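First up is the structure itself, then whatever we jot down about it.
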Amino acid sequence: YLDYLAAYKINKFHWHLTDDQGWRIEIKSHPKLTEVGAYRAIKPGQVYSEDKTINGQYGGYYTQEDIKEVVAYAQKLHIDIVPEIEMPGHAQAALAAYPELACTAGSFDVWTEWGVSENVYCPKEETFHFLEDVLDEVMELFPSQYIHIGGDEAPKTRWKSCDYCQELIKREGLKDEHELQSYFIRRIEKYLNAKGRSIIGWDEILEGGLAPNATVMSWTGQEGAIHAAKQGNDAIMTPVSHMYFDYYQGNAQTEPLAFNAEVRLDKVYSFNPIPKELSAEEAKHILGPQANVWTERIQDFDHVEFMIFPRLFALSEVGWGTSNPDKYNDFEKRAIHHLEYLEAEGINYSKALFEVTGKTYADGGENYYKLEVKNPKLTIRYTIDGSSPNVTSTLYSAPILIDKTMEVKSASFDGAQQKSTVLTQEFLKSKSTGKVITLENGPSAPYLANGASSLVDGIFGHPYSFKSDWLGFNGTDLVAIIDLGQHQNISEVRMNTLDFTESWIHRPQSVIIYMSQDGKQFKEIAKLNKEQINAMGGTLQLNFPKQKAKFVKVVVENVGKIPNGYPGAGYDAWLFVDELTVQ
Ligand code: ACM
Ligand code: ZN
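Note that our numbering has the sequence shown beginning at 402, numbered continuously upward.
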């Protein structure tokens, strides 16, 4: 990885060493951090790389000897390694090892969930002594001017109900828990500054007031950096919109599992790390861009390579100021040429630049599937028999009629060489496919897909890509009327829904099906309540005695406000629905 950074002239490596789900650096004064904190329970249904599974647990860590070796190697390449020790949040693995540093009594597991744990460090003296011991060893290992102290996503729930924390707030004359976080960070900054080091923290260290010499690493957007620079602090630019390399760089259906969002090569290339809001003087505080490769969904190094290439080419130009978004096409040509080098070296990379994109459209009550590839030099070949397309497969020349349930597999080719991964698209042909559908109220941005017709295009939304074909409704219900065109015998309605409560997406409260002969008078035919919905899971199915009707009305009720006990409690819940099939 360091070799790649050096090759593309990236001179900093930010090493995220601790989190809720694991502690990955040996600390000799606190051996339980790795004995306990480096391993977590194996959760049924999750995928783990075998070489990191030990005694029925998943994990591992870097010894201090490992780290010295890495630091020495990086130095030879003129790369500074900036270590990150997370505080006060993302600390559950540390609390599993040393539960006395938490606000609440009891034991903690190294977290097996994705997301943000509410168990954070309690700002007691014992905690500061612990962190100072940890940071002493970190400074011994890493010569970097900067030590990253995390600071992101620290829920205040525990502090709010902790007597010690509340007394500390009073004693120090702090306004609230945000100022308590600021107190926490300032104390750590003072300690590190006294040893000649500087701190970096994520955006949230701005909450409650910025520590005097801190550098802000701006990830939620660019506001944090603008704020910091305007008050004379330095900032590093790594917004999710352009710089998150754990997001998909192409169609989620053709790439390995990634975080449910997209940052394509042209998006990376278009990034200007100097916010327009800053004067020339303020802009001096922008130290540069950074890209983040979070690895929750990355199993091995092959996949790491896939996530960074070719986006690393763009990051390099952005960082060195040689990028020009107006000349993206020129850059892309160079990038494609340079991929031949990766190919020759056996380095993995995303094939997104060559991907085939598919779109369905309805015409005269029939659905068609249109395939496209961006590069005019490439051809598309496809199969409908389940086999992978190769150089002898049917050459695509016109939209494919979807007149039955089928699976289309397509790929792009340069002569005999396959350039893209295979795009697999299943189509389900039902009585509603391609029919006229109207919605009482529209979906909520940005989850609009191709509007109402996405619900009857024969394509299912991808379970891990919210933007694939799903319609999202923020706090509102889905109320759809499908005009079947003629009277039909009907006995079943099905739909898929999503359940990602950590992303505020909840399954519906209820589903009701109505039918009508004239599109005016509707009669209720079938209903699912919350219990039945929870028992069914993702695919909701309503069966009823055969009826003749021309219009079907489907009401999918949003749970409304997110219930207590879930992330985002009290805010509007999201309802995600795709594909309404009528049989
Ligand atoms: C972050 O992605 N939580 C910094
Ligand atoms: Zn506390």
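The beta carbon of each residue, even a glycine, is placed where N, CA and C say it ideally should be. Given the structure is predicted, the values throughout are model-derived calculations rather than measurements.
Taking only heavy atoms of the ligand ACM into account, decide whether any of them is closer than 7 Å to the Cβ of residue i.
i, result
"Trp515", "no"
Pull up the CB-CB distance for residue i and residue j, whole angstroms please, since I reckon it's below 8 Å.
i, j, result
"Ala927", "Phe945", "4 Å"
"Ala736", "Pro777", "No, Ala736 and Pro777 are not in contact; Cβ-Cβ is about 17 Å, not under 8 Å."
"Pro726", "Ser642", "Not really, about 14 Å apart at Cβ, beyond 8 Å."
"Thr761", "Tyr769", "7 Å"
"Val535", "Ala492", "Actually they do not touch by this definition, with Cβ atoms about 11 Å apart."
"Phe814", "Asp979", "Going by Cβ atoms, the distance from Phe814 to Asp979 rounds to 31 Å, so no, they are not a contact pair."
"Met540", "Lys596", "6 Å"
"Pro790", "Lys810", "6 Å"
"His409", "Ser717", "Checking the sequence shown, residue 409 turns out to be Tyr, not His. With 8 Å as the limit, Tyr409 and Ser717 qualify as a contact, their Cβ atoms being about 4 Å apart."
"His704", "Pro657", "6 Å"
"Gln910", "Glu841", "About 17 Å separates the two Cβ atoms, so there is no contact after all."
"Ala495", "Leu434", "6 Å"
"Thr655", "Glu756", "6 Å"
"Thr528", "Leu502", "5 Å"
"Tyr848", "Thr902", "That pair is no contact at about 16 Å."
"Glu485", "His549", "4 Å"
Let me check you understand the geometry: is the CB of residue i closer than 7 Å to at least one non-hydrogen atom of the ligand ZN?
i, result
"Arg588", "no"
Counting along the chain, where does the beta strand (DSSP E) carrying residue i start and finish?
i, result
"Phe529", "Taken as a continuous stretch (DSSP letters only), Phe529 belongs to no beta strand (DSSP E), being part of the alpha helix (DSSP H) at 526-542."
"Val978", "975-983"
"Ala970", "Ala970 -> no beta strand (DSSP E), and no H or E assigned at all."
"Asp764", "757-764"
"Gln493", "Per DSSP, Gln493 belongs to no beta strand (DSSP E); it is in the alpha helix (DSSP H), 493-498."
"Glu663", "660-663"
"Phe874", "872-875"
"Val617", "616-619"
"Leu802", "801-803"
"Ile781", "780-784"
"Tyr636", "In the sequence under discussion, the amino acid at residue 636 is Ala, which differs from the Tyr named in the question. Run containing Ala636: 636-638, per the beta strand (DSSP E) assignment."
"Leu772", "767-774"
What residue range does the alpha helix (DSSP H) around residue i cover?
i, result
"Asn935", "931-937"
"Asn693", "Element bounds for Asn693: n/a, residue is neither H nor E."
"Phe714", "712-721"
"Asn594", "578-595"
"Phe732", "729-746"
"Lys830", "Element bounds for Lys830: n/a, residue is neither H nor E."
"Thr558", "558-561"
"Ala684", "681-684"
"Ala629", "624-631"
"Ala985", "No information on residue 985 is available, as it lies outside the stretch 402 to 984 that the chain covers here."
"Leu840", "Counting along the chain, Leu840 falls outside any alpha helix (DSSP H), though it belongs to the beta strand (DSSP E) covering 837-840."
"Val521", "First-last for Val521: undefined, no H or E at that position."
"Lys571", "564-572"
"Tyr670", "666-670"
"Ile709", "702-709"
"Tyr474", "465-477"
"Lys433", "433-436"
Using DSSP bridges, identify the partner residues of residue i.
i, result
"Ile482", "Phe414"
"Asn944", "Glu893"
"Lys952", "Note on residue identity: the sequence assigns Phe, not Lys, to residue 952. According to DSSP, Phe952 bridges with Asp884, Ser917."
"Met488", "Gly551"
"Arg441", "Tyr459"
"Gln819", "Phe814"
"Phe901", "Ile906"
"Gly602", "Val617"
"Glu925", "Tyr915"
"Tyr645", "Asn693"
"Lys962", "Asp973"
"Tyr865", "In DSSP, Tyr865 forms no bridge with anything."
"Leu607", "Looking at the DSSP assignment, Leu607 forms no beta bridge with any residue, so it has no partner."
"Trp424", "Thr419"
"Thr795", "Tyr783"
* Please list, in chain order, all residues with a C-beta atom less than 7 Å from at least one heavy atom of the ligand ZN. => Listed by position in the chain, the residues whose beta carbon lies within less than 7 Å of some heavy atom of the ligand ZN are Cys504, Cys523, Pro524, Lys525, Arg559, Trp560, Cys563, Tyr565, Cys566.
* **Any heavy atom of the ligand ACM within less than 5 Å of residue CB: hits in chain order** => This criterion selects Asp553, Trp603, Trp620.
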